[in-house]
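Be aware that the sequence shown starts at 10, since it is given in the numbering used here, and climbs by one per residue.
Quick reminder that beta carbons are idealized off the backbone N, C-alpha and C, glycines included.
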Amino acid sequence: MNRQALQDSWVHHTADSAPCSVADMHNRVARFGEIPSSPKAFADTYIPGHQRVLYSVIGSGVTNDSNFNPKIKAADNFHIDYIVAPQGCGAALHWHDTEEVFVVQSGQWEVDWVDGATQQLHTIQLKERDTISVPPFVHRAFRSLSGETGLLISILGGQKPGSVKWHPAVAEKAQAIGVGFDALGGAHQSLDRT
Numbered sequence: 010m011n012r013q014a015l016q017d018s019w020v021h022h023t024a025d026s027a028p029c030s031v032a033d034m035h036n037r038v039a040r041f042g043e044i045p046s047s048p049k050a051f052a053d054t055y056i057p058g059h060q061r062v063l064y065s066v067i068g069s070g071v072t073n074d075s076n077f078n079p080k081i082k083a084a085d086n087f088h089i090d091y092i093v094a095p096q097g098c099g100a101a102l103h104w105h106d107t108e109e110v111f112v113v114q115s116g117q118w119e120v121d122w123v124d125g126a127t128q129q130l131h132t133i134q135l136k137e138r139d140t141i142s143v144p145p146f147v148h149r150a151f152r153s154l155s156g157e158t159g160l161l162i163s164i165l166g167g168q169k170p171g172s173v174k175w176h177p178a179v180a181e182k183a184q185a186i187g188v189g190f191d192a193l194g195g196a197h198q199s200l201d202r203t
């Protein structure tokens, strides 16, 4: 292309900024000490070996706690959470109807998934700064190999990622210890042991 054509092409590659006041931008900041966290955001956290803390950074994400809200509510097509877990602990097998990306911020983590064609369970180990993208409807689980020094970032796609669907084996373990759901999808453990 000649010089004038290249210079003229900028007309298609410039635009003005959308409005965003200082107050608007401050509502879009999540300082780590102010991020809401929950050790019981999911039904599986009642099951030994699946303890973890979920930090809800941006967007509604998925949770079994209807009262748990993110620090930054405005998210159009993605949702971000931070996850910290004791060594050997993390999420049980579950899926979402959107893809989920895991980025290891610190420590080492393992991610399991079930190949629905063969029903085989596979595991991959991830180190700091490694990333994995799990497709929708594929059962996945993860656990920290580093304990609380490990931080995993979860990014869910979609405007509304829907609810968590648990593997039948997880449901069986949860039911055995009295865990179920209220009408809003919130997970609770019954104190009634009869």
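Rounded distance between the beta-carbons of residue j and residue i, thought under 8 angstroms
i: Phe146; j: Asp106; result: 6 angstroms
i: Phe111; j: Thr140; result: 7 angstroms
i: Trp104; j: Lys174; result: 5 angstroms
i: Tyr55; j: Ile164; result: That belief does not hold up - the Cβ atoms of Tyr55 and Ile164 are roughly 25 angstroms apart, past 8 angstroms.
i: Val71; j: Gly189; result: In fact, because the Cβ distance is near 18 angstroms, the residues do not count as touching under 8 angstroms.
i: Gln114; j: Leu160; result: 4 angstroms
CA-to-CA distance, residue j to residue i, given in whole angstroms
i: Leu63; j: Ser47; result: 5 angstroms
i: Phe77; j: Ala196; result: 12 angstroms
i: Leu154; j: Gln96; result: 5 angstroms
i: Ala192; j: Pro79; result: 21 angstroms
i: Ala6; j: Ala27; result: Because residue 6 is not part of the residues shown, which for the chain are 10 to 203, the question remains open.
i: His35; j: Ile162; result: 22 angstroms
i: Cys98; j: Val120; result: 11 angstroms
i: Thr158; j: Pro177; result: 31 angstroms
i: Gln60; j: Asp53; result: 8 angstroms
Proximity to residue i [Cα-Cα], best of the options
i: Gln168; options: Lys82, Trp118, Ser199; result: Lys82
i: Lys136; options: Gln60, Phe190, Gln117; result: Gln117
i: Ala101; options: Ala126, Pro57, Ile162, Leu193; result: Pro57
i: Ala126; options: Thr140, His148, Glu181, Glu119; result: His148
i: Glu109; options: Val143, Ile133, Asp139; result: Val143
i: Cys29; options: Arg37, Val179, Thr23; result: Arg37
Endpoints, beta strand (DSSP E) assigned at residue i
i: Gln129; result: 129-135
i: His8; result: With the chain covering 10 to 203 only, the question about residue 8 has no answer from this structure.
i: Asp33; result: Looking at the DSSP string, Asp33 is not in any beta strand (DSSP E); the run it does join, the alpha helix (DSSP H), is 31-35.
Element boundaries [alpha helix (DSSP H), containing residue i]
i: Glu181; result: 177-185
i: Val143; result: Element bounds for Val143: not the alpha helix (DSSP H) but the beta strand (DSSP E), 140-143.
i: Gln13; result: 12-17
task = Decide yes or no for the touch test of the stretch 86-106 against the stretch 58-72: beta carbon pairs closer than 8 angstroms, at least 3 of them.
result = yes
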